[in-house]
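A.B. asks: Below you will find the structure I want to go over with you.
In our numbering, the protein residues as written are 14 to 472.
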């Protein structure tokens, strides 16, 4: 059994993707304000110049509440703030570089339902902050409590709207793509999220015939039965309408799932296989290496070995994929969940950019997605979540009885499969993944293991 441990929010405020929780409960305006204030005072302690901060958000009802609190915290610390409104997470990572700002902040809980929200911070280069920097910010949350130390008078920051932010990001993607999609009939599932501000016009400008799903955000319907976590609806639509393909994003548009002309879903592993093989054939895959996580399907290992591509594997989380890519000088990496990273083009996962890269292969090779996907054979995987208290997650991961139960399951699969446990960094779950040849068998085994953990640690 392989184990991968993430620190729970009960012990560490920052998870694998920023600070996240139920809005106005785990993550309220008081915490948001203190985070903003601490970030400026921690990262710019000399206070010898005004820090510049860009803030963007998705379409959740709670975003405006948290935005107002962040503005208060940043300006109270002496930083100037630029508000770009609804924009995908990678859009903020791009804009912070374009406008030469010091920090970029995204208010989003990504693929989670609307009652959740989150805050993630990018540095001036559009990269997420290292763990140790986040820890410093967290340790300084009480700085605001000292009124004697706060900036005063003309030292306070100001806030203004940057209304063209989403447009600038869209035009940047169009220029990057250099694609003519004329003749392609594409369905876009926008998850009622941040992609609504960019994707429809972008794909139309590139010449595609576009059909839209989940494109009417109301503050409470983000990710609800739509987007990259509910791609079955898009698959049915593409198949029923006879379209060429479908593209599904999550709430903040940093993930992508695709659907081929036959209505079959292409997850991150399948898309990475297509993209890595194409880049390898063109001599564009640096070090002939693809970076993935321990959750990647064994089919990706088989494809890579046959194609002469090396795999580097990390713990789960796009930030860890990115860290390995930067460390090794690798250009392509990603996760099964649809976070794909093209380091030459973006500093973070970008669902819309990923879609454009995939469509570039479709155009260049003149093949349908259903043909391109044949490069990889996917083994069945079963994922089961077991709800446990955040405080119990380390105990589950260290429990020898749990480890023994996993070992016995692998024996019962006759070493033709694997068991992977991981502690969610953003939600109160232990995630169980089983992979093997027989989907029915591994479903039964996964539920058996989930019941064992639930009975011992469940809440």
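Ideal Cβ placement from N, Cα and C applies to all residues, glycine included.
Looking at the structure shown, is residue 136 part of a helix, part of a strand, or coil, going by DSSP?
C.D. replies: coil
A.B. asks: Please specify which runs of the alpha helix (DSSP H), each continuous and at least 4 residues long, are wholly inside the region 103 to 129, giving them in chain order.
C.D. replies: Within the region 103 to 129, no complete alpha helix (DSSP H) run reaches 4 residues.
A.B. asks: Secondary structure at residue 359, three-state DSSP: helix, strand or coil?
C.D. replies: coil
A.B. asks: Using CA coordinates, which residue listed in 383, 429 and 79 is at the minimum distance from residue 276?
C.D. replies: 383
A.B. asks: Any idea if residue 138 is buried or exposed, counting beta-carbon neighbours within 10 angstroms, 16 or more meaning buried?
C.D. replies: Within 10 angstroms of the beta-carbon of residue 138 lie fewer than 16 other beta-carbons, which makes it exposed.
A.B. asks: Determine, using beta carbons only, whether residue 118 and residue 199 come nearer to each other than 9 Å.
C.D. replies: no
A.B. asks: Given a cut-off of 9 Å on the beta-carbon distance, is the pair residue 192 and residue 373 in contact?
C.D. replies: yes
A.B. asks: Suppose the cutoff is 8 Å on Cβ atoms and the five residues either side in sequence are ignored; what does the same chain contact list for residue 187 look like?
C.D. replies: 215, 218 and 219
A.B. asks: Check the DSSP bridge columns for residue 326 and list the partner residues they point to.
C.D. replies: 305, per the DSSP bridge assignment.
A.B. asks: Are residue 157 and residue 89 touching if we call contact CB-CB under 9 Å?
C.D. replies: A contact, by the Cβ cut-off of 9 Å.
A.B. asks: What do you get for residue 441, buried or exposed, if any count of 16 or more other CB atoms within 10 angstroms of its CB means buried?
C.D. replies: That one is buried.
A.B. asks: Does the region 436 to 451 touch the region 384 to 396, meaning 3 or more C-beta pairs lie closer than 8 Å?
C.D. replies: Using a Cβ-Cβ distance cut-off of 8 Å, the region 384 to 396 and the region 436 to 451 are in contact, since at least three pairs of beta carbons, one from each stretch, lie closer than that value.
A.B. asks: Let's test the definition: count the other Cβ atoms within 10 Å of the Cβ of residue 489 and tell me whether it reaches 16, buried, or not, exposed.
C.D. replies: Summary: the structure shown does not reach residue 489, with the chain confined to residues 14 through 472, and so no result is reported for it.
A.B. asks: Apart from the five residues on each side of it in sequence, which residues of its chain come closer than 7 Å, Cβ to Cβ, to residue 16?
C.D. replies: Caution applies to residue 16, whose pLDDT of 42 falls short of 50 and renders its modelled position unreliable; the model cannot decide the point.
A.B. asks: Quick check on DSSP: helix, strand or coil for residue 59?
C.D. replies: Looking at residue 59 - three-state DSSP - the assignment turns out to be coil, as it is neither helix nor strand.
A.B. asks: Give me the Cα-Cα distance between residue 287 and residue 256, rounded to the nearest whole angstrom.
C.D. replies: 20 Å
A.B. asks: Residues in the same chain with beta-carbon distance under 6 Å from residue 369, minus the five sequence neighbours each way, listed in chain order, please.
C.D. replies: 190
A.B. asks: Starting from the Cα of residue 74, find the closest Cα among 258, 59, 249 and 99 and give me that residue.
C.D. replies: 99
A.B. asks: Could you tell me the alpha carbon to alpha carbon distance between residue 182 and residue 269, rounded to whole angstroms?
C.D. replies: Those two C-alpha atoms are separated by around 17 Å.
A.B. asks: Going by CA-CA distance only, name the one from 366, 177 and 461 that's closest to residue 399.
C.D. replies: 461
A.B. asks: According to the Cβ coordinates, are residue 263 and residue 242 closer than 9 Å?
C.D. replies: yes
A.B. asks: How about residue 323 and residue 303: are their beta carbons less than 9 Å apart?
C.D. replies: yes
A.B. asks: Relative to the C-alpha of residue 397, which candidate in 247, 381, 437 and 379 has its C-alpha closest?
C.D. replies: 437
A.B. asks: Please say whether residue 150 and residue 48 have beta carbons closer to each other than 9 Å?
C.D. replies: yes
A.B. asks: Roughly how many angstroms lie between the CA atoms of residue 39 and residue 106, to the nearest whole one?
C.D. replies: 25 Å
A.B. asks: Applying the 10 Å Cβ sphere with the 16-neighbour rule, what's the burial state of residue 223?
C.D. replies: By the neighbour-count criterion, in which a residue is buried when 16 or more other Cβ atoms sit within 10 angstroms of its Cβ, residue 223 is buried.
A.B. asks: Could you give the residue range of the beta strand (DSSP E) that holds residue 431?
C.D. replies: That run of the beta strand (DSSP E) goes 431 to 436.
A.B. asks: Taking the alpha-carbon of residue 464 as reference, which of 232, 424 and 415 has the nearest alpha-carbon?
C.D. replies: 415
A.B. asks: Looking at C-alpha atoms only, which residue of 71, 307 and 471 is the closest neighbour of residue 408?
C.D. replies: 471
A.B. asks: From this set, 37, 164, 116 and 32, which residue's C-alpha is nearest residue 61's C-alpha?
C.D. replies: 164
A.B. asks: So, at 8 Å on beta carbons, what are the nonlocal neighbours of residue 80 in its own chain, with the 5 sequence-adjacent residues on each side left out?
C.D. replies: Counting only Cβ-Cβ distances below 8 Å, and skipping sequence neighbours, we find 68, 70, 96 and 120.
A.B. asks: What is the DSSP secondary structure of residue 270, reduced to helix, strand or coil?
C.D. replies: It is a strand residue.
A.B. asks: For residue 352, which of helix, strand or coil comes out of DSSP?
C.D. replies: coil
A.B. asks: For residue 221 and residue 195, what's the separation of their Cα atoms in angstroms?
C.D. replies: Residue 221 and residue 195: Cα-Cα distance of roughly 5 Å.
A.B. asks: Among 83, 109 and 360, whose alpha-carbon lies nearest the alpha-carbon of residue 333?
C.D. replies: 360
A.B. asks: Extract the residue ranges of the alpha helix (DSSP H) inside the region 182 to 223, only unbroken runs of 4 or more that lie entirely within it.
C.D. replies: 212 to 218
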